[in-house]
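Please read the structure below before turning to the comments.
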Amino acid sequence: MTATQLTIGRGPVRLPRRHIPVLATLALLLVMYGIGVSQYQAFSNIQVVFNVLIDNSFLLVVAVGMTFVILTGGIDLSVGSVVAMTAMVSASLLERGLPAGAVLPIALLIGPMLGFLMGCVIHFFDIQPFIATLAGMFFARGMCTFISGSSIPISDGFWTSMSQTRIGDPRGNFVSISVVIAFVVVAVAAYTLAYTRLGRNVYAIGGNQQSALLMGLPVGRTKIAVYTISGLCSAIGGILLSFYTLSGAPLIAVGMELDVIAAVVIGGTVLTGGSGYVFGTVLGVLVLGVIQTLITFDGSLNSWWTKIVIGGLLFAFILLQRLIGIRYK
Amino acid sequence: MTERHPVLTMTGISKAFPGVRALHDVDFRLFPGEVHALMGENGAGKSTLIKVLTGVYGIDSGTIILSGEPVSFRGPMQASAGGVSTVYQEVNLCANLSVAENIFIGREPRRFGAVWWGEMRRRARALLTRLDLDIDVNAPLASYSLAVQQMVAIARAIDVQARVLVLDEPTSSLDTGEVAQLFRIMRQLRDEGIAILFVTHFLDQVYGIADRITVLRNGSLVGEYTTAELSQLGLVEKMIGKELDVLERLDEQPKRELAVLERGTPFLDARELSRKGSVAPFSLTIHAGEVVGLAGLLGSGRTEVARLLFGADRADHGDLSVDGRGTTLRNPVGAIAQGIGFCSENRRLEGIVGELTVRENIILALQAARGWLRPVARRRQDELVDKYVKALSIRPANPEIPVANLSGGNQQKVLLARWLITEPRLLILDEPTRGIDVGAKAEIQKLVVELSDGGMAVLFISAELEEVLRLSHKVAVMRDRTLVSELTNDESVDSDRIMQTIASGAGEERATT
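Residue numbers (full-length UniProt numbering), protein chains in the order written: chain A, 1 to 329; chain B, 1 to 513.
Rendered as structure tokens:
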């Protein structure tokens, strides 16, 4: 990533302006973790952090896809439904006796295909991403109930082994395979954004689509690509979710798209596009996870407090973005 | 200029848009190693010709031959790969990306398939050094001035071994020093054999650098001339296609009489008005029927003054009274209610709604002033719009086409018409003549005179001192966000004196025609 010289303040510490949101998120995360450690003895156990990762690996993968979309200035509301649909399709095909080796590629193809179609609609017919992906959201959710009205359990050997395998140290701390997969996705995405033409075009379009067009960048192709990537990430997220729950349920991950958007924004990506990093998104997801853990540890608080805190944070971060003025014309 | 083979020949080019015939049977040729000025009024078809050349638009008929090969580019990328690079009037780069990236995006140097940042920065530095520009290639483009951004755009354009460089009004936001720097670069590139197509509204600049001139009018070719054989006057006549009586009449007019105006309560009276980080405290009075010129460099705080007086920004300190009554302007709605209208400098961002028709754009402010519950009857709308389309000679004279299809100067007139029909008592005009042609400019100046004769107060903001002096009763001079001087525009005031006021200290004056 390019270092920038646009700094605030003078002196030995040069703070690149566009890194402030990410740094703020990092500081917030450390503060919340500090609060947890000081309040609850068990919080300092490293397994607490690992559990946050385990519980949120699918969210992280989906948020990475969303980061691409938001960086272009778009939005993808279909992700929650696509996650559910992917899990449903997997569960249903496995129930009919298809081997895992056949189910995986099929399940992983559906999401990107839907994303590709939505991208085409957005680009060729110049439709607002909000509406196009809203249509995708209803379609995918409808497909879930079309497949089955009730939850389908998964008993496939591959699935259960993915679900139960622990990768850990001798002292008993562990993460699931899903966490490893999520971080592979994060690494690939970070590389793509920083070191490929596709990635740089994503930033350019988010900065100024008209200019990007006049500079001769493949705007249409890139926009279609980001929705396809988001679809792929949702599909991977759906598979990870089905590893996690070992079932497919028609009403799972309802409203998840909003959590994902919140994580991306708290992670410092500007909703109008052009500024943000995958690393920020990782932090954003962790912030959401740590809030949940704190409230669980407290025990007396209703889980809805999670939503209230997220609401407050989201608001604060949008204000922060506004104040430091990441609004390039 | 020796007669060689032209690097570019365009023959019989025609292009129409819905409701507009943009180009009709236009021929154009460009020789290597020359600067060729493309001249014409707004709406003459200059921009369309350029966009047709670079593949932004397709052509309806005609041929384009580049280095002996017929070409038809399907987009700017293909055009620049073919050796035709363009720098547009508005800097079309991505301000969120770094300088280096803006130069190379789309053709980044790569190693093992990955963008090679180190090499990209090295090449960017080398390129900018060639253009004598010392800036940090890692900084986001947004941290530099418009002028520097323009130079970066040129660096981007010439990096691809360009044979033809198209500069579409690159100087409209540069000051004299920056223009000189740009010209130095243009000469350097010309001597390297690049053919430069140069579009500008500044006649002095044409005669300062161009070898050859092609004139368009109303989408048709008027002719091709060498700079030596065509006088400035001749050029203007060819551009507007009529005698210069309008312009001359304005020029002959003596300084505006205003003694009579200095009586009674001023329409607007600002005392020590200020806004932190925007404008230092200033005092200004404007009487009904008075034209107050606001002179100063770009960024000297002229627009900020206008925004305070229009309520677009809120003043921190100071008093404002309208018609002798103290008032606070919290927002533009309040200002409009007091009879103040504001024609923004930035018509593309703040003024014009491109998708709406000319009629709808003109009616907007009137409708807003009446409130949405009392719609303006369609018949009344048509009457009003027809009147102003005629009065301002908006072209094409079809009120039902989207404003986006009009040229810049005509969009400016639409914006003016929008405010005029609300019959404001004070009209603030921020750079109303920037980037528009001589004919339209004269029409707008004439209109300002008529309006003030009719009793309207006008705050006229312009970087062109001649224009300010010609129209204003009183000139307020801004420097470094401070109102430094207020001069009654009598015989003792000329552009030199204002220039001295602006310059006392430091600074350069912007190029003027």
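Even for Gly, the Cβ is constructed at its ideal location relative to N, Cα and C. Please read all numbers here as calculations on a predicted model, not as lab measurements.
Worksheet item: Is it buried or exposed for TRP117 (chain B), if we count other Cβ within 10 angstroms and need 16 for buried?
Response: Classification for TRP117 (chain B): buried.
Worksheet item: So, using beta-carbon positions, are LEU415 (chain B) and GLY351 (chain B) closer together than 7 Å?
Response: Against a cut-off of 7 Å, the Cβ pair of GLY351 (chain B) and LEU415 (chain B) comes out as a contact.
Worksheet entry | Where ALA212 (chain A) meets chain B, residues with beta-carbon distance less than 7 Å | Going along chain B in sequence order, the residues near ALA212 (chain A) (Cβ under 7 Å) are CYS94.
Fill in: Per-residue burial, GLU345 (chain B) [other beta carbons within 10 Å of its own, 16 or more giving buried]
With 16 or more Cβ atoms within 10 Å of its Cβ, GLU345 (chain B) is classed as buried.
Worksheet item: Closest to PRO105 (chain A) by CA distance: which of A:LEU286, A:ALA235, A:GLY168, A:TYR277 is it?
Response: A:ALA235
Worksheet entry | PRO153 (chain A) burial status per 10 Å Cβ neighbour count (16 or more: buried) | exposed
Worksheet item: Are the C-beta atoms of PRO76 (chain B) and some chain A residue less than 7 Å apart?
Response: Judged by the 7 Å Cβ criterion, PRO76 (chain B) is in contact with chain A.
Worksheet item: Using DSSP with H/G/I as helix, E/B as strand and the rest coil, what is HIS123 (chain A)?
Response: helix
Worksheet item: Is the CB-CB distance between VAL448 (chain B) and LEU471 (chain B) below 7 Å?
Response: Result yes, Cβ atoms of VAL448 (chain B) and LEU471 (chain B) sit closer than 7 Å.
Worksheet item: Hey, ALA225 (chain A) and ALA212 (chain A): beta-carbon distance below 7 Å or not?
Response: no
Discussion item. Please tell me whether ALA114 (chain B) has its Cβ less than 7 Å away from any Cβ of chain A.
Written reply: Closer than 7 Å to some Cβ of chain A, the Cβ of ALA114 (chain B) qualifies, so yes.
Discussion item. By alpha-carbon positions, which one of B:GLY354, B:LEU297, B:ILE286, B:ASN331 ends up nearest to ASP323 (chain B)?
Written reply: The shortest C-alpha separation from ASP323 (chain B) is found at B:ILE286.
Worksheet item: Do the CB positions of ASN208 (chain A) and THR222 (chain A) come within less than 7 Å of each other?
Response: Cβ atoms of ASN208 (chain A) and THR222 (chain A): not closer than 7 Å.
Item to complete: Note the first and the last residue of the continuous alpha helix (DSSP H) segment covering LEU373 (chain B).
Response: Note, LEU373 (chain B): premise wrong, no alpha helix (DSSP H); not H, not E.
Item to complete: Report yes or no: is there a C-beta of chain B within less than 7 Å of the C-beta of TYR277 (chain A)?
Response: no
Worksheet item: Cα separation between VAL236 (chain B) and ALA263 (chain A)?
Response: 60 Å
Fill in: Pairwise C-alpha distance: LEU114 (chain A) and ASN361 (chain B)
40 Å
Worksheet item: For VAL35 (chain B), which residues of its own chain have a beta-carbon under 7 Å away from its beta-carbon, when the five flanking residues on both sides are left out?
Response: MET186, ARG190, ILE196, PHE198, ILE209, ALA210, ASP211
Item to complete: Go ahead and pull the three-state DSSP assignment for HIS317 (chain B).
Response: strand
Worksheet item: In the DSSP assignment, what residue or residues form a beta bridge with MET478 (chain B)?
Response: B:LEU483
Worksheet entry | Residues in the stretch 210 to 239 of chain A having any Cβ partner in chain B nearer than 9 Å | Within the stretch 210 to 239 of chain A, the residues whose Cβ lies closer than 9 Å to any Cβ of chain B are, in chain order, GLN210, SER211, ALA212, LEU213, LEU214, MET215, GLY216, LEU217, PRO218.
Worksheet entry | For VAL175 (chain A) and PHE50 (chain A), believed in contact at Cβ under 8 Å, the rounded distance | 5 Å
Practice prompt. Compare the Cα-Cα distances from GLY277 (chain B) to each of B:PRO32, B:THR482, B:LEU23, B:GLU90 and report the closest residue.
Written response: Nearest C-alpha to GLY277 (chain B): B:THR482.
Worksheet item: Listing by chain order, which chain A residues have their CB less than 7 Å from the CB of ILE105 (chain B)?
Response: ARG200, ALA204, MET215, LEU217
Worksheet entry | Cβ of GLY274 (chain A) within 7 Å of any chain B Cβ | Closer than 7 Å: yes.
Worksheet item: Of all the CB atoms in chain B, is at least one closer than 7 Å to the CB of GLY248 (chain A)?
Response: Taking CB atoms only, GLY248 (chain A) has no neighbour in chain B less than 7 Å away.
Discussion item. Check this for me: beta carbons of GLY62 (chain B) and PHE73 (chain B), under 7 Å apart or not?
Written reply: no
Fill in: chain E within 7 Å of GLY280 (chain A), Cβ atoms only
You won't find chain E in this structure, because its protein chains are A and B.
Practice prompt. Note down, in chain order, every chain A residue with its Cβ under 8 Å from the Cβ of TYR88 (chain B).
Written response: LEU214
Discussion item. Just checking: is the beta-carbon of ALA140 (chain A) within a distance shorter than 7 Å of some beta-carbon in chain B?
Written reply: Answer no: the Cβ-Cβ gap between ALA140 (chain A) and chain B never drops below 7 Å.
Worksheet item: Along the chain, where does the alpha helix (DSSP H) that runs through GLY312 (chain A) open and close?
Response: Counting along the chain, the alpha helix (DSSP H) containing GLY312 (chain A) begins and ends at 304 to 324.
Item to complete: Please confirm whether ARG121 (chain B) and ALA100 (chain B) have their CB atoms less than 7 Å apart.
Response: Contact: yes.
Discussion item. I need the DSSP call for MET456 (chain B), collapsed to helix, strand or coil.
Written reply: coil
Worksheet entry | 7 Å Cβ cutoff, LEU6 (chain A) in contact with chain B | The predicted position of LEU6 (chain A) is uncertain, since its pLDDT is 42 and thus under 50; a value taken from the coordinates is nonetheless stated next. For LEU6 (chain A), the nearest CB of chain B lies under 7 Å from its own CB, placing it at the interface with that chain.
Worksheet item: Do three or more CB pairs link the stretch 38 to 48 of chain B to the stretch 130 to 144 of chain B at distances below 8 Å?
Response: Contact check between the stretch 38 to 48 of chain B and the stretch 130 to 144 of chain B: fewer than three CB pairs, one atom from each, fall below 8 Å, which does not count as touching.
Worksheet item: So is GLY207 (chain A) in contact with chain B if we call contact Cβ pairs under 7 Å?
Response: yes
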